[in-house]
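Structure first, commentary second.
Numbering (the numbering used here), first residue to last: 50 to 373.
Written out as structure tokens, the structure reads:
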């Protein structure tokens, strides 16, 4: 059902792109916009992951440059039954992470330096398990294509704003709403794209939290990480994401600083609700149905023996962190 709903939402996003094209250039503009949207979908399928990583200035790391982080991801991927993804680090002080790639065989996970500095080893494992859950659910392609189309809608809306302000009566030949209509498009189209992004992202975040907790075997590792991420994204700005908000829904925590519209237009579920659901997993209770559910995977960390706790890992010396 989630796949059908996501497909309908993506179709709606493409239709919105065509509608904006029609408002700007009439029927010809709509046809051009839809053809462009189709070409973008093909391009996004093959290239959007590399493009996104370049936009974030991500650098790939390996067993030599970040042995503990790469080993952690390898063990988590084995737990999830996934091929080993590429691992990237992004120079950004805000603690955050995302996954991308068109399928599990061509996936990548990326963590910011802020995440590696502010979270302990267990919490980092929880975050990486969450991102691998997106890979396992094949969310990464959907989320990347969504970001590509939403970004194009924003660019088209900016063009509409320019045409509405400076195009004069020439715009009325193709746009039945005239210059005022162009300005309305510039305001409403990005909002519509944002709402579709929100609808696609929210349910997938809950699923990724649940499956990520099962992959790492400790729901509280991810719960503890989310609490730190929530604090971090509200105190440390992510200027890369602010410059291109269309990709905000790809992160594990909303990287944008707009607090005034957080509840209405946030692409992510409420963090307190996400944490509560993870805590309920420990007690074997589904917070939505209040009935027993299956316990998560075996209580074994991906780097050592069972019984390793979040508390004990906080005593780990700085030199043992996975990015050194």
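All residues carry an ideal CB built from backbone N, CA and C; glycine is no exception.
- prompt: Would you say residue 135 touches the ligand MN, meaning its beta carbon is less than 8 angstroms from a heavy atom?
  reply: The ligand MN is absent from the structure shown, which contains no ligands of any kind.
Secondary structure of residue 80, DSSP reduced to three states: Residue numbering aside, residue 80 sits at position 31 when the chain shown is read from its first letter. Helix, per DSSP.
- prompt: What residues are listed by DSSP as bridge partners for residue 159?
  reply: Here residue 159 is taken as the residue at index 110 of the chain shown, counted from 1. Its beta-bridge partners are 137, 147.
- prompt: Helix, strand or coil for residue 340 per DSSP?
  reply: Reading the chain shown from its first residue, position 291 is the one you call residue 340. Residue placement at residue 340 is flagged as unreliable, the pLDDT there being 33, under the threshold of 50; the coordinate-derived value follows with that caveat. Residue 340 falls in the coil class under three-state DSSP.
message: Given this structure, state the Cα-to-Cα distance separating residue 334 from residue 89, to the nearest angstrom.
response: Taking the chain shown and counting its residues from 1, one reaches residue 334 at position 285. Taking the chain shown and counting its residues from 1, one reaches residue 89 at position 40. At residue 334 the pLDDT is 49, less than 50, meaning the model places this residue with poor confidence; the figure from the coordinates comes in the next sentence. Residue 334 and residue 89: Cα-Cα distance of roughly 43 angstroms.
task: Taking all protein chains shown into account, decide if residue 76 is buried (16 or more other Cβ within 10 angstroms of its Cβ) or exposed.
output: Counting from one through the chain shown, the residue named residue 76 turns up at place 27. That one is exposed.
task: Give the straight-line distance between the Cα atoms of residue 233 and residue 294, rounded to the nearest whole angstrom.
output: As a position in the chain shown, residue 233 is number 184, starting the count at 1. As a position in the chain shown, residue 294 is number 245, starting the count at 1. Cα to Cα, the separation comes out at about 20 angstroms.
task: Determine, using beta carbons only, whether residue 94 and residue 194 come nearer to each other than 9 angstroms.
output: Taking the chain shown and counting its residues from 1, one reaches residue 94 at position 45. Taking the chain shown and counting its residues from 1, one reaches residue 194 at position 145. Contact: yes.
- request: Would you list the residues sitting across from residue 109 in a DSSP beta bridge?
  value: For this step, residue 109 is matched to residue 60 along the chain shown. Answer is 137, bridged to residue 109.
message: Within a Cβ cutoff of 6 angstroms, which residues of the same chain sit near residue 107, ignoring the five residues on either side of it in sequence?
response: Translated into the one-based positions of the chain shown, residue 107 becomes position 58. Closer than 6 angstroms at the Cβ level, and outside the excluded window around residue 107, lie 137, 139, 159.
- prompt: Can you tell which of 118, 166, 162, 182 has the C-alpha that lies nearest to the C-alpha of residue 38?
  reply: With the chain covering only 50 through 373, there is no way to say anything about residue 38.
- request: Please report the Cβ distance between residue 119 and residue 111, rounded to the nearest whole angstrom; I am assuming they are in contact, meaning their Cβ atoms lie under 8 angstroms.
  value: Looking up residue 119 in the chain shown gives position 70. Looking up residue 111 in the chain shown gives position 62. Right, their Cβ atoms sit about 6 angstroms apart.
- prompt: From residue 342 to residue 199, what does the alpha carbon distance come to, in whole angstroms?
  reply: Along the chain shown, one-based indexing puts residue 342 at 293. Along the chain shown, one-based indexing puts residue 199 at 150. Reliability fails at residue 342, whose pLDDT of 35 lies under 50, so the model's placement of it is uncertain and no value is given.
query: What first and last residue would you give for the alpha helix (DSSP H) that runs through residue 296?
result: The sequence position of residue 296 within the chain shown is 247, counting from 1. No alpha helix (DSSP H) contains residue 296, which DSSP labels as neither H nor E.
message: For residue 185, tell me which candidate among 115, 161, 155, 305 has the shortest Cα-Cα distance.
response: Here the question's residue 185 lines up with position 136 in the chain shown. When only C-alpha atoms are compared, the closest one is 155.
field: residue 327 versus residue 172: straight-line alpha-carbon distance, rounded
entry: Residue numbering aside, residue 327 sits at position 278 when the chain shown is read from its first letter. Residue numbering aside, residue 172 sits at position 123 when the chain shown is read from its first letter. The straight-line gap from Cα to Cα measures roughly 13 angstroms.
- prompt: Is residue 114 helix, strand or coil when you go by DSSP?
  reply: As a working note, residue 114 is residue 65 in the chain shown. Coil at residue 114, not helix or strand.
message: Rounded to whole angstroms, what is the Cα-Cα separation between residue 116 and residue 82?
response: Taking the first residue of the chain shown as position 1, residue 116 is located at position 67. Taking the first residue of the chain shown as position 1, residue 82 is located at position 33. Each residue's alpha carbon lies about 46 angstroms from the other.
message: Alpha carbons only, please: which of 196, 207, 126 is nearest the one belonging to residue 180?
response: Locating residue 180 in the chain shown gives position 131, where the first residue counts as 1. Among 196, 207, 126, the Cα nearest to that of residue 180 belongs to 126.
query: Where do the N-terminal and C-terminal ends of the alpha helix (DSSP H) with residue 172 fall, by residue?
result: Position 123 of the chain shown, counting from 1, holds the residue named residue 172. 170-185 is the extent of the alpha helix (DSSP H) around residue 172.
- prompt: Comparing alpha-carbon positions, which option in 240, 175, 178 lies nearest residue 207?
  reply: Position 158 of the chain shown, counted from the first residue, corresponds to residue 207. Answer by Cα proximity: 240.
- prompt: Candidates 319, 303, 85, 96: which alpha carbon is nearest residue 204's?
  reply: As a working mapping, residue 204 is identified with position 155 in the chain shown. When only C-alpha atoms are compared, the closest one is 85.
query: Does the beta-carbon distance from residue 278 to residue 164 come in below 9 angstroms?
result: Position 229 of the chain shown, counted from the start, is the residue given in the question as residue 278. Position 115 of the chain shown, counted from the start, is the residue given in the question as residue 164. Cβ distance < 9 angstroms, so residue 278 and residue 164 count as in contact.
- prompt: Hey, would you say residue 135 sits closer than 9 angstroms to residue 113, going by beta carbons?
  reply: Your numbering for residue 135 matches position 86 in the chain shown. Your numbering for residue 113 matches position 64 in the chain shown. Cβ atoms of residue 135 and residue 113: not closer than 9 angstroms.
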